Amino acid sequence: MGLEDGVARKKPQLKKFAMHWDLPVKRGTVVSASTIKKRKTNMEDVEPLWNRHIAPQFSGRAKRTLGEKGARYVAPVKEGRIVSREVELAGPVTFEQDTVILCEEFVAPSAREPSIPAIMLGEDVEDFTIVAKTIRGHIEIKKEAPPPGKPGKPGVIGSPSAPGAPGHKGKDGKDASLTHSSKDGKSGGSGGKGGDSGKGGMGGGGEHGRDGPDIHIVADKYEPGSSFEIWNPGANGGEGGRGGQGGLGGAGGPGGPGGKGGDAYLLAHGASKGGNGGNGGDGGPGGNGGDGGPGGNGGDGGDTTIHWIDPANIPENVSVNGEGGPGGRGGPGGSEGPGGPSGRGGPGGKGGEGDLLHPPDDPGSMGKNGEPGKTGKEGKRGPDGEEGEEGEFKFKHEEKQIEVRDFIAFATGAFEEPEARKVLTELGMAEAE
């Protein structure tokens, strides 16, 4: 794919005479646009140039039949060139790669036939060309329903947050003495709140839909009643990727332990309670879900060009369906991250100890355990991604007059590269090596 005006395009085709040399070849190299020379307008007759440069290619190739009459299935044709004096479309046929057909006469059933076989173009076909002296009948060329662009990758999960800090230990109560009673232990500190977690990552963009194939029909003569019905739309753009899930909220910090109660002192004062344990910290909120990825752009519709030499010999009817593919849907937003777990309440402080003068069943009581902290809240769901753009409604249904030498140049697209260069050099349309 190239880039033209910031928009993805198919590989650039060589202008005029070389556009069909972008088709696959079995040997040799592709003729570059720099080999093409400008030449003067020349309204020569087709026959001399055709008989000299093109007709020898048909030696031993009298007729080629595409498809089988009445067959429900025809194996795909995998060659990049078909060269034969006569080519008959007798049944449905599928081409799986870029192909150029060269013949003196291309024969298809009439549009009035009850069943019209179609030429199907496989998923990988980008260019399809027919060059013939004469075309007769109704030709349907259809691109197989192309798969949409691949969906975008899901966004990454948001990063988890750090847990809250633990609460501090409560201060121990003072022991009793002759002058004062014992003191209760202080409560432990509350645990810290868990941290906020990261937002989920944005989903990946959907893949650009494939462009429709470019189709060229080139003939000297279109018989009365000849017609074409061509489908070469662009593919749908891929769906945007789902946004990533928000990160897990941080755990609340554990509550601090309560302080120890003060001990008793002889008969003067009894033991005191231990301090309450600190509350556990709240769990941190979960992260927001990530944004959905943008849908991929729909593929452009393919170009269709009908070439003719004489305005008196043109097709009776041409119908072209080459709309751009719709853009892919935006990806769904990521799910919210779960809130962090609440912190554990701190243990209560130990009660102060009694002494020998107090009954065994009357020691200082144990302090109460601290209460557990609350559960953290969950994060919010991320928004859905935007829908991709629709492909261009791009079909240049051009019916283009060409010169005789252009016609011969198109025909060389079915030659091996050295032979094509030789013919174009003789026509004054390429530099000799």
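Residue numbers (the working numbering): 11 to 443.
All C-beta atoms in this analysis are idealised placements derived from N, C-alpha and C, irrespective of residue type, glycine included.
Just so we're clear, the structure is a prediction, and the values are computed from it rather than from any experiment.
1) Tell me whether the stretch 169–178 and the stretch 204–224 touch, counting them as touching only if at least three CB pairs, one residue from each stretch, are closer than 8 Å.
2) I need the DSSP call for GLU409, collapsed to helix, strand or coil.
3) Below 8 Å on the Cβ atoms is my contact criterion, and I expect ALA245 with GLY309 to pass it. Report the Cβ-Cβ distance as a whole number of Å.
4) Using only CA atoms, which one of ALA121, GLU123, GLY214 and ASP137 lies nearest to GLU106?
5) Starting from the N-terminal side, write out each stretch of the beta strand (DSSP E) that is 3 residues or longer and does not extend beyond the stretch 280–366.
6) Are ARG95 and PHE68 closer than 8 Å when you measure CB to CB?
7) So is ARG220 buried or exposed if we call it buried at 16+ other beta carbons inside 10 Å?
8) Nearest-angstrom Cα distance between GLU114 and GLU408?
9) Got a sec, what are the start and stop residues for the beta strand (DSSP E) LYS143 sits in?
10) State yes or no: is the C-beta of ASP301 within less than 8 Å of the C-beta of GLY359?
11) Roughly how many angstroms separate the alpha carbons of THR139 and THR109, rounded to a whole number?
12) With a 10 Å radius around its C-beta and 16 neighbouring C-beta atoms as the bar for buried, classify GLY12 as buried or exposed.
13) Roughly how many whole angstroms lie between the Cα atoms of ILE126 and LEU99?
14) How do the stretch 250–266 and the stretch 319–326 stand: do at least 3 beta-carbon pairs fall below 8 Å, yes or no?
15) Is GLY204 near GLY299, with beta carbons less than 8 Å apart?
16) For LEU131, name the three-state secondary structure that DSSP assigns.
17) Is the beta carbon of GLY344 closer than 8 Å to that of GLY216?
18) Does ALA430 pass the burial test, meaning 16 or more other C-beta atoms within 10 Å, or should it be called exposed?
19) Within the same chain, show all residues whose beta-carbon is closer than 6 Å to that of LYS88, passing over the 5 residues directly before and after it, in chain order.
20) With distances taken Cα to Cα, identify the nearest neighbour of GLY259 among PHE238, SER282, SER236 and ASP292.
21) Considering only their Cβ atoms, is the gap separating GLY254 from GLY340 smaller than 8 Å?
22) Grab me the residues of SER282's own chain with a C-beta within less than 6 Å of its C-beta, minus the 5 sequence neighbours each way, in chain order.
23) I believe GLY303 touches GLY162 by the beta-carbon criterion, under 8 Å. Please report the beta-carbon distance rounded to the nearest angstrom.
24) Under a Cβ-count criterion, where at least 16 other Cβ atoms within 10 Å of its own Cβ denotes burial, should ASN61 be classed as buried or exposed?
25) If we require 3 or more residues per run, which beta strand (DSSP E) segments fall completely within the stretch 153–193?
26) Can you give the beta carbon distance from VAL103 to ARG74, rounded, assuming they're within the 8 Å contact cut?
27) Does the distance between the C-beta of GLY350 and the nearest non-hydrogen atom of the ligand COA fall short of 7 Å?
28) State yes or no: is the C-beta of LEU112 within less than 8 Å of the C-beta of ALA424?
The short version:
1) Touching, per the Cβ criterion.
2) Assignment of GLU409 by DSSP, reduced to helix, strand and coil, places it in the strand class.
3) Right, the Cβ-Cβ distance comes to about 4 Å (below 8 Å), so this counts as a contact.
4) Distance from the Cα of GLU106 is smallest, within the candidate group ALA121, GLU123, GLY214 and ASP137, for ASP137.
5) Counting whole runs of 3 or more residues, the stretch 280–366 contains the beta strand (DSSP E) stretches 314–318 and 327–331.
6) Contact: yes.
7) By the neighbour-count rule (16 or more Cβ atoms within 10 Å), ARG220 is buried.
8) Going from the Cα of GLU114 to the Cα of GLU408 covers about 23 Å.
9) LYS143 -> beta strand (DSSP E) spans 137–146.
10) No, they are not a contact pair.
11) The straight-line gap separating the alpha-carbon atoms of THR139 and THR109 is approximately 6 Å.
12) Caution is warranted here: a pLDDT of 33 is assigned to GLY12, below 50, making its placement in the model unreliable, and the coordinate value is therefore given only provisionally. Burial call: exposed.
13) The alpha-carbon of ILE126 is positioned some 10 Å away from that of LEU99.
14) Output reads no: the stretch 319–326 does not touch the stretch 250–266.
15) No, the Cβ-Cβ distance between GLY204 and GLY299 is not below 8 Å.
16) Taken through DSSP and simplified to helix, strand or coil, LEU131 comes out as strand.
17) Result no, Cβ atoms of GLY216 and GLY344 do not sit closer than 8 Å.
18) By the neighbour-count rule (16 or more Cβ atoms within 10 Å), ALA430 is buried.
19) If we look at LYS88 and ignore the five residues flanking it on each side, its Cβ neighbours are GLU106.
20) Of the listed residues, the one whose Cα sits closest to GLY259 is ASP292.
21) No, the pair does not count as a contact, with Cβ atoms beyond the cut-off.
22) Closer than 6 Å at the Cβ level, and outside the excluded window around SER282, lie GLY183, SER192, LYS193, ASP194, GLY271, GLY272, GLY362 and GLY374.
23) About 4 Å separates the two Cβ atoms, so the contact holds.
24) Counting Cβ neighbours within 10 Å, ASN61 comes out exposed, since fewer than 16 surround it.
25) If we require 3 residues or more, the stretch 153–193 turns out to have no beta strand (DSSP E) run fully inside it.
26) Not confirmed; about 11 Å, so no contact.
27) Looking at this structure, you won't find the ligand COA or any other ligand, since it has none at all.
28) Yes, Cβ-Cβ distance for LEU112 and ALA424 is below 8 Å.
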